[in-house]
Structure formats: C-alpha cells, structure tokens
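First residue of the sequence shown: 2, per this note's numbering; consecutive thereafter.
Cβ atoms here follow ideal geometry from the backbone N, Cα and C, with glycine treated the same way.
Since we're looking at a predicted model, the values are computed, not measured.
For reference, the structure is listed below as structure tokens.
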Amino acid sequence: MVSFPVPGSGYAGPAPEYARFRASSPVVRLPAAGGGHCWVATTQDSVRVVLDDVRFSRAASYEPSAPTFPGLFQAPPGMIISLDPPAHTRLRDLASQAFSADLIESMRPGIERLVGELLDRAGEEALEGPVDLLGRFTFPLAIIAISDLLGVPAAERDTFARLIREFAAVDAPEVAAAAGERLGEYMAALVFAKMAEPGDDVLSALTRARVGDDRLEPGELIGLGYTLLGAGGDSTACHLASSVLTLLGHHRDTWLRLGEHPEEVPAAVEELLRWISLSTNDTTGLPRIALEDVTLFGVTIPKGDAVFVSTTSANRDETVFPDPDTLDFGRRDNAHIAFGYGIHRCLGAPLARIELTTAVEELTRRFPAARLAVAEEDLEWHPTDMNHRLAALPVDLHGKGF
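Right, dumping it as structure tokens:
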C-alpha cells in the first residue's frame with residue numbers, strides 16, 4: 002500500500018495516486034513512511050473544509066503527544082502559519098494592515114524596474130552562451146523583491162539568499178536549524194531598527210499596525226518577517242522557474258503568443274499557478290491535529306490524528322476543473338487554491354502575482370526565440386527540497402537550444 006508522503010510527485014503534477022484518491026474518497030487514511038498514519042484531504046471541497054474548520058488545529062501539532070513526520074518541514078511554533086484562532090486572527094488582523102492593496106501596488110514600479118535590470122544583464126550574458134535563468138533571474142527577483150518588502154539592505158541579500166536555501170533543506174536538519182537561527186537573529190536586529198526608525202517598507206508598516214491599543218510585539222514582528230523572507234523568496238523563485246520550463250519545454254506556441262498579447266499573461270499565470278506542483282510532497286507539509294472526533298465526507302477522523310491538505314491535488318479536482326490535467330491557457334473562472342484558502346490564505350499573494358505576471362510578460366516580449374539549452378530530461382532537481390526546485394535552468398535566450 003502506498004504511504005505518505007506519496008511518491009511520484011513532479012513539477013508537472015501531483016503523484017498519480019491522487020487521482021485515485023479523489024475518485025474513492027475526499028479524505029483518505031494513509032500509513033506514514035516514518036511510522037503511524039495520517040489523513041490527507043484530496044479534493045477542493047475537503048481541503049477548504051479542513052483549512053476552515055477550527056476543529057483541526059495547527060497549534061496542536063507542536064504538542065509533545067502529537068504525531069511526528071520526520072523529513073517534512075515543520076514551521077517553528079508561534080509563527081502565523083503555526084497558530085489557530087483567536088491568536089491567528091489577532092496576528093492576521095494586525096498584519097493585514099501592512100499588506101494593503103495600495104502598499105503592494107506601490108511596489109509594482111520597483112518590481113518592473115528590477116525585472117528589466119535583471120533581464121538586461123541576462124540578455125547581455127546570453128550573447129556569450131546559455132544563461133541559468135534560475136540563478137540569474139528567478140531567484141534574484143524573488144529575493145530582492147521580498148528583501149525590499151522588508152527593508153533588508155542590498156548588501157545583505159546574497160547572504161540571506163543562501164540562508165533561505167539552507168533553511169529549506171529538509172534533508173539536512175542541522176544545516177536548516179543553523180540557518181534558521183541566523184535568520185532569526187538577523188530579523189530581530191532588523192525589527193528593532195525599524196521600530197526605532199521606520200521606513201517605507203512592509204516591516205515598518207507592521208511596527209505601526211494597531212487594532213485599538215493592541216500592537217505587534219517584537220517577537221511577533223520577528224516571526225512575521227521570518228515567514229515572509231523564507232516563504233516569499235523560495236516559493237516564488239521555484240514556481241517561476243517551473244513556469245518558464247513548462248512554457249519553453251511544452252508550450253512554445255503560448256510563449257510566442259504571450260509575447261505578442263501581454264493582456265493574456267495574467268490568465269496564463271493563474272493557470273500555471275493551478276497546474277504546476279510546487280510542493281515535493283503535494284501538500285502544504287503542515288499537519289493539523291483533530292481536536293475531537295470529526296466526521297467528514299463519510300469518514301471519521303479520530304481525535305489526535307494528523308490531517309494534511311493537498312492543495313496540489315485539489316487544483317486537479319475533476320469536479321471543479323474540466324479536463325484538469327490539461328494546461329488550458331484559455332481557462333476562465335480559475336478557482337485554484339495555490340495560495341491557500343480562508344484564514345490561511347497567503348498574505349503575500351498579491352505581491353507574488355505582480356512578480357509572476359511582470360516576469361512572464363517581459364521574458365516573452367524580450368526573448369520570443371528563447372529555448373531550453375539542454376533537454377528537459379538532463380535537468381537536475383533537488384528531490385528532497387520543500388519545493389520542487391531545479392539546480393539550474395539553462396536557457397538560450399536567442400534561440401539556439403532545444
């Protein structure tokens with residue numbers, strides 16, 4: 002019998018077993034690879050219910066009695082993604098003030114300039130041969146954007162890019178722990194600097210956020226900054242690299258069309274968000290613990306059991322998306338949940354969308370002849386990463402590759 006994490010996931014789709022799971026039951030019980038068992042929500046309806054039901058607790062997953070899953074990334078306790086209401090509600094209400102639509106939209110010109118500068122350099126380098134778009138474009142774009150969001154000095158970005166990668170290394174727990182500690186120390190220093198002398202960045206806005214007399218404490222500010230720096234950098238970079246690979250490797254006609262019709266880029270980005278699998282285990286990797294016996298979709302999850310949600314599988318739900326395994330760039334009413342759902346929906350989703358649409362629009366416009374510089378089967382992946390991440394993405398921007 003297959004166990005969790007289910008093998009066979011790739012950037013181009015979840016493990017094939019998830020289609021069978023969806024057909025048999027919205028919530029399935031699986032043996033866990035490290036011992037014990039867990040439950041996995043596989044359909045859009047079941048994922049939404051688990052994410053929205055307070056009977057499934059993130060905070061309880063840190064209790065000594067909670068089941069553990071070696072090899073899976075587990076966020077530190079006390080972070081916003083580790084909390085339940087009302088603690089989560091309070092933190093999100095305060096944090097949402099800093100993520101106003103106006104503030105995020107004000108970052109668009111800076112992101113557009115950054116994309117232009119990075120692609121100017123990549124285009125020049127491409128005259129000499131293939132360019133690694135992961136190392137030279139997608140990762141720098143995501144790291145610089147999230148660093149600007151937090152007010153991280155430019156001179157320290159390279160150090161933090163390395164620490165973020167090390168922090169996400171689930172196969173090297175000692176390395177990840179050391180990187181996490183250093184990131185925490187840095188964020189503490191940055192928070193106190195912003196409290197003393199606020200700037201125009203989101204972290205400064207977080208220091209000013211108020212609900213009545215309530216405000217974020219320094220430790221909460223550090224946790225929020227820590228979360229944004231890690232999640233906003235690696236996830237966006239990996240997804241954008243997979244998007245470029247998908248378009249150049251399998252949909253060059255769409256690459257050409259988007260370059261000529263930039264108004265179609267936003268819809269294409271939404272479909273790529275739905276179709277591409279980001280997580281290597283097809284779930285958020287964050288267990289929730291049933292606080293009582295809960296019956297969902299005809300099955301009863303006993304108190305104390307762990308539940309994972311597979312947003313990747315939910316985004317291939319046949320009852321929601323016609324022909325869900327097809328990458329349909331003309332798809333409308335795209336109700337994907339790549340950014341989560343309900344109270345746990347990603348606060349940084351609007352910023353990620355600006356980065357992704359700007360990047361795809363400029364890449365396709367500037368480099369219509371771009372091709373992969375190696376065959377896709379020769380690309381190297383980091384299989385134990387939290388996200389599906391290429392080691393490199395060699396691209397011939399001027400069209401001499403595969």
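Rounded separation between residue i and residue j - CA only
i      : j      : result
PRO193 : LEU373 : The sequence given here has Phe at residue 193, not Pro. C-alpha separation (whole angstroms): 45 Å.
GLY234 : ALA127 : 25 Å
GLY152 : LEU207 : 12 Å
THR327 : ARG317 : 9 Å
PRO77  : LEU150 : 22 Å
ASP159 : TYR227 : 16 Å
GLU199 : ARG109 : A small correction: the amino acid at residue 199 is Pro; Glu does not occupy that position in the sequence shown. If I take the Cα positions, the gap works out to 21 Å.
PHE70  : TYR63  : 12 Å
PHE161 : ALA189 : 14 Å
LEU241 : ILE302 : 36 Å
GLU319 : PRO325 : 6 Å
ARG258 : THR358 : 15 Å
ASP54  : ARG93  : 17 Å
ALA269 : GLU362 : 10 Å
LEU217 : ALA60  : 19 Å
PRO27  : GLY130 : 49 Å
LEU391 : ILE165 : 15 Å
SER97  : ASN388 : 26 Å
ARG23  : TRP40  : 13 Å
ALA146 : ALA180 : 20 Å
TRP382 : ASP334 : 32 Å
GLY124 : GLY305 : 54 Å
GLU106 : VAL266 : 18 Å
SER1   : GLY72  : Residue coverage of the chain in this structure runs from 2 to 403, which leaves residue 1 outside it and unanswerable.
ALA34  : ILE112 : 42 Å
ALA307 : GLU175 : 25 Å
SER83  : GLY224 : 10 Å
PRO68  : HIS252 : 43 Å
SER205 : TRP276 : 35 Å
GLY260 : ALA360 : 11 Å
Extent of the continuous beta strand (DSSP E) run through residue i
i      : result
ASP397 : 395–397
PRO32  : 28–32
VAL41  : 38–42
Close-in-space but distant-in-sequence residues of the same chain around residue i (CB under 6 Å, 5 per side omitted)
i      : result
LEU7   : Per the sequence presented here, residue 7 reads as Val, with Leu not at that position. The residues are ALA16, GLU18.
VAL3   : GLU18
VAL375 : PRO395
SER244 : LEU273
VAL203 : ALA99, LEU150
GLY341 : CYS347
Residues of its chain near residue i, where Cβ-Cβ distance is below 8 Å and the 5 sequence neighbours each way are ignored
i      : result
ARG56  : ALA291, LEU292, GLU293, VAL295
THR255 : LEU248, ALA269, PHE330
ARG122 : ARG137
ALA88  : ALA60
ILE338 : GLN45, VAL48, ARG49, THR312, ALA315, ASN316
Whole-Å CB distance - residue i paired with residue j, under 8 Å assumed
i      : j      : result
VAL29  : LEU249 : So it is not a contact: roughly 35 Å between Cβ atoms.
PHE168 : ALA177 : 5 Å
SER280 : THR43  : SER280 to THR43, Cβ: 14 Å. No contact.
VAL51  : ARG289 : 6 Å
ALA238 : THR365 : Contact doesn't hold; Cβ gap of about 18 Å is too wide.
LEU134 : LEU115 : At roughly 15 Å, the Cβ-Cβ gap does not stay under 8 Å, so LEU134 and LEU115 are not in contact.
VAL212 : LEU95  : 6 Å
Residues near residue i in its chain [Cβ-Cβ closer than 7 Å; skip 5 each side]
i      : result
VAL404 : Lying before the first or after the last residue shown, residue 404 is absent from the chain, which here runs from 2 to 403.
HIS1   : The structure shown does not extend to residue 1, since the chain is modelled only from 2 through 403, so no value can be given for it.
VAL310 : ALA42, VAL48, VAL51, LEU52, THR284, THR285
GLY185 : ILE223, TYR227
Residue interval of the alpha helix (DSSP H) (run including residue i)
i      : result
VAL50  : 45–53
TYR19  : 18–25
ALA392 : From DSSP, ALA392 is part of no alpha helix (DSSP H); its letter is neither H nor E.
SER83  : Element bounds for SER83: n/a, residue is neither H nor E.
GLY117 : 109–127
VAL409 : The question about residue 409 has no answer, for the chain in this structure spans 2 to 403.
PHE161 : 158–168
GLY260 : 253–261
THR358 : 350–367
ASP326 : No alpha helix (DSSP H) contains ASP326, which DSSP labels as neither H nor E.
Closer than 7 Å: residue i CB and nearest the ligand GDP heavy atom
i      : result
GLY341 : Only the bare structure without any ligand can be found here, which leaves the ligand GDP out of the picture.
Completely contained beta strand (DSSP E) runs for the segment 289–318, where each covers 3 or more residues:
The qualifying runs are 289–291, 295–297, 300–302, 307–310.
Would you mind listing the alpha helix (DSSP H) stretches within the segment 178–229 that are 4+ residues and don't spill past its ends, in chain order?
203–209
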